[in-house]
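J.:
Number of protein chains: 2
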Amino acid sequence: MPKLLELEDVADSVCCAPLSGPALSEQEAAELAGVFKALSDPVRLRLLNMIASAEEGEACVCDLTGAFELTAPTISHHLKVLRQAGLIDGERRGTWVYYRAVPERLTRLSGLFALPALTTS
Amino acid sequence: MPKLLELEDVADSVCCAPLSGPALSEQEAAELAGVFKALSDPVRLRLLNMIASAEEGEACVCDLTGAFELTAPTISHHLKVLRQAGLIDGERRGTWVYYRAVPERLTRLSGLFALPALTTS
DNA sequence: TCGCTGCATAGATGGATGTCAAATTAGAGC
DNA sequence: GCTCTAATTTGACATCCATCTATGCAGCGA
Numbered sequence: 001m002p003k004l005l006e007l008e009d010v011a012d013s014v015c016c017a018p019l020s021g022p023a024l025s026e027q028e029a030a031e032l033a034g035v036f037k038a039l040s041d042p043v044r045l046r047l048l049n050m051i052a053s054a055e056e057g058e059a060c061v062c063d064l065t066g067a068f069e070l071t072a073p074t075i076s077h078h079l080k081v082l083r084q085a086g087l088i089d090g091e092r093r094g095t096w097v098y099y100r101a102v103p104e105r106l107t108r109l110s111g112l113f114a115l116p117a118l119t120t121s
Numbered sequence: 001m002p003k004l005l006e007l008e009d010v011a012d013s014v015c016c017a018p019l020s021g022p023a024l025s026e027q028e029a030a031e032l033a034g035v036f037k038a039l040s041d042p043v044r045l046r047l048l049n050m051i052a053s054a055e056e057g058e059a060c061v062c063d064l065t066g067a068f069e070l071t072a073p074t075i076s077h078h079l080k081v082l083r084q085a086g087l088i089d090g091e092r093r094g095t096w097v098y099y100r101a102v103p104e105r106l107t108r109l110s111g112l113f114a115l116p117a118l119t120t121s
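As you go down the protein sequences, you meet chains A and B in turn.
So the first sequence is numbered by the UniProt record's numbering: it starts at 1 and just counts up by one.
So the second sequence is numbered by the UniProt record's numbering: it starts at 1 and just counts up by one.
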């Protein structure tokens, strides 16, 4: 596994305005869609969930792989998709590879769905 | 368009725990993935953005269609996907159909990405 | 160095998805 | 009833995607 940390992210500038805010540009929409595409698979959601909720904040691929009835290459593929979306990031330590969530990304997404003043007019 | 409001939602019980919280069940993951799949297209994201940020809280399909270089059936298809994900909901008034965002859904998603205590150990 | 294990990549394949043209339904007005 | 317009549905098609098998690569220990 070369350059685990140097993958070019699909969505680098996906930022802060909520969906109920100013109009998304075509480019912003495309970048955001990339992030959501990464989240649009049940296996990847559970992987992210396991990683984000892991003790020490990180999870070993060896543990993740065993949690699904899928082959190791398939899990590896899903982790790569999450990584390219900037949602997780990985590090090799000796024989094993550990992944952790990228908190900035999650916070950013949280803000996306914020509602304005909740105009219950 | 029969029963605009009676479509069975893909994700009915997608709920409240953050991704960094307790383990998602297979079913929860599948439901959530459905919602994100609906968000994983740039056109749908822009549609949702336009609807959520529209004055009066609603947007006419006739306006939405003109904003893209896509045919009306394609826009209609995307609106249906958003509708089935429970993110928007539509109403016919006379000749035109109006869509509005479903705030509970957006709020719910916001909570998904909330971080726990931000353990900056 | 050799073999073993953990993880990633490459290539192939069946199934899902975005798009369009054509046909269909619903309302409004004559 | 007839026609016009708004919106959806249907069916077809090209592309994308999740998964698998086979292969490659990096560490570790003998």
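Heads up, the beta-carbon is just placed ideally off N, CA and C, and yes, glycines get one too.
Could you check whether residue 100 of chain B and residue 57 of chain B sit closer than 8 Å to each other, using their CB atoms as the reference points?
T.: Yes; because the gap between Cβ atoms is below 8 Å, this pair is in contact.
J.: According to DSSP, is residue 114 of chain B helix, strand or coil?
T.: Here residue 114 of chain B sits in coil by DSSP.
J.: Measure the C-alpha to C-alpha separation of residue 39 of chain B and residue 97 of chain A and round it to an integer number of angstroms.
T.: Going from the Cα of residue 39 of chain B to the Cα of residue 97 of chain A covers about 30 Å.
J.: Can you find the residues in the same chain that come closer than 8 Å, C-beta to C-beta, to residue 25 of chain A, ignoring five residues on each side of it along the sequence?
T.: Excluding sequence neighbours, residue 25 of chain A sits near nothing in its chain.
J.: Ignore the nearest five residues each way along the sequence and tell me which others in residue 82 of chain B's own chain have a CB closer than 7 Å to its CB.
T.: So the list reads 38, 44, 47, 48 and 88, once near-sequence residues are dropped.
J.: With a threshold of 8 Å between beta carbons, is residue 26 of chain A in contact with chain B?
T.: Yes - at least one Cβ of chain B is within 8 Å of the one on residue 26 of chain A.
J.: Closest by CA to residue 102 of chain A, which one among A:94, A:85 and A:95?
T.: When each option's Cα is compared against that of residue 102 of chain A, the closest is A:85.
J.: Under 8 Å, Cβ to Cβ, is there at least one residue of chain B near residue 46 of chain A?
T.: Judged by the 8 Å Cβ criterion, residue 46 of chain A is in contact with chain B.
J.: If you follow the beta strand (DSSP E) that residue 61 of chain A is in, where does it begin and where does it stop?
T.: Not the beta strand (DSSP E): residue 61 of chain A falls in the alpha helix (DSSP H), residues 61-66.
J.: Would you check if the distance between the CB atom of residue 109 of chain B and the CB atom of residue 18 of chain B is smaller than 8 Å?
T.: No; because the gap between Cβ atoms is not below 8 Å, this pair is not in contact.
J.: Do you know whose CA, among B:28, B:29 and B:61, lies nearest residue 94 of chain B's CA?
T.: Out of B:28, B:29 and B:61, B:61 has the C-alpha closest to the C-alpha of residue 94 of chain B.
J.: When you compare the CB of residue 52 of chain B with every CB in chain A, is at least one pair closer than 8 Å?
T.: It does: the Cβ of residue 52 of chain B has a partner Cβ on chain A nearer than 8 Å.
J.: Can you find a C-beta in chain B that's less than 8 Å from the C-beta of residue 59 of chain A?
T.: Not one chain B Cβ lies under 8 Å of residue 59 of chain A.
J.: Using a Cβ-Cβ cut-off of less than 9 Å, give me the residues of the stretch 102-118 of chain B that come near chain A, in sequence order.
T.: If the cut-off is 9 Å between Cβ atoms, the stretch 102-118 of chain B has 103, 105, 106, 107, 108, 109, 110, 111, 112, 113, 114, 115, 116 and 118 near chain A.
J.: Tell me whether residue 58 of chain B sits in a helix, a strand or coil according to DSSP, three-state version.
T.: DSSP places residue 58 of chain B in coil when its eight states are reduced to three.
J.: Which residues in chain A sit within 9 Å of residue 37 of chain B, going by Cβ to Cβ distance?
T.: Simply 36, 37, 39, 40 and 41.
J.: Beta-carbon of residue 82 of chain A versus every beta-carbon of chain B: anything under 8 Å?
T.: It does not; no Cβ of chain B falls within 8 Å.
J.: Rank A:55, A:78 and A:104 by C-alpha distance to the C-alpha of residue 22 of chain B and give the top, closest one.
T.: Of the candidates A:55, A:78 and A:104, the one whose C-alpha sits nearest the C-alpha of residue 22 of chain B is A:55.
J.: Which one or two residues does DSSP pair with residue 46 of chain B in a beta bridge?
T.: DSSP output for residue 46 of chain B lists no bridge partner at all.
J.: Which residues, in chain order, does the stretch 59-80 of chain B contribute to contact with chain A at a C-beta distance below 7 Å?
T.: Listed by position, the residues of the stretch 59-80 of chain B near chain A (Cβ gap below 7 Å) amount to none.
J.: Would you decide whether residue 92 of chain A is buried or exposed? Buried here means 16 or more other CB atoms lie within 10 Å of its CB.
T.: When all chains shown are included, residue 92 of chain A counts as exposed.
J.: Run through the DSSP bridge pairs and tell me what residue 100 of chain B is partnered with.
T.: Paired residue(s): B:89.
J.: What distance in whole Å lies between the Cβ atoms of residue 107 of chain B and residue 115 of chain A, which are believed to be in contact at a cut-off of 8 Å?
T.: Right, the Cβ-Cβ distance comes to about 6 Å (below 8 Å), so this counts as a contact.
J.: Are there 16 or more other CB atoms within 10 angstroms of the CB of residue 32 of chain B, so buried, or fewer, so exposed?
T.: The residue in question, residue 32 of chain B, is buried, as its Cβ has 16 or more Cβ neighbours within 10 Å.
J.: Whose Cβ in chain A lies nearer than 9 Å to the Cβ of residue 86 of chain B?
T.: Chain A residues near residue 86 of chain B: none, gap ~13 Å exceeds 9 Å.
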